[in-house]
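Reading through the structure tokens given below for one structure.
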Amino acid sequence: MVGGLSRHDSHSVAHTSAAASNLDEEKMLGQAEQEMGFRIDHLNRLAQTCFNKCVDKRYKDSELYIGENSCVDRCVSKYIQVTNIIGDVLACSNPPV
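Structure follows, in structure tokens:
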């Protein structure tokens, strides 16, 4: 017995600690996968929104016109600004977990 714990007790504590560590890793991996899914969805919505708003539906050329390119730049910038504002508001209204 060392420090009030038998060898069996200290082994049990180490096993419990390792199991908790594995659960934490699984939880973090799940959160990372969820975040990746959110970011992919966000990027797809941004691309679809700005493409529909800015690009001529007739596809005359393989490249964007100057006006289309400027529109896409502005659209993406505004989309990101709004997303950041929403994120800031949500972060302030929800305390960290």
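Residue numbers for the sequence shown follow our numbering, beginning at 26 and rising by one.
Ideal placement from N, C-alpha and C gives every residue a C-beta, glycine not left out.
- Task: Kindly indicate the opening and closing residues of the alpha helix (DSSP H) around R99.
- Result: Start and end: 91–118.
- Message: Taking only three categories from DSSP, how would you classify R83?
- Response: R83: coil per DSSP, three-state reduction.
- Message: Once the 5 residues before and after V27 are set aside, which same chain residues still bring their CB inside 6 angstroms of it?
- Response: Low local confidence applies: a pLDDT of 48 at V27 is under 50, so the model's placement there is unreliable, with the coordinate-based value given in what follows. Cβ neighbours of V27 within its own chain (closer than 6 angstroms, five residues either side excluded): none.
- Message: Mapping the DSSP letters down to three states, classify E51 as helix, strand or coil.
- Response: DSSP places E51 in helix when its eight states are reduced to three.
- Item | Three-state class that DSSP yields for E58 in the structure shown | DSSP places E58 in helix when its eight states are reduced to three.
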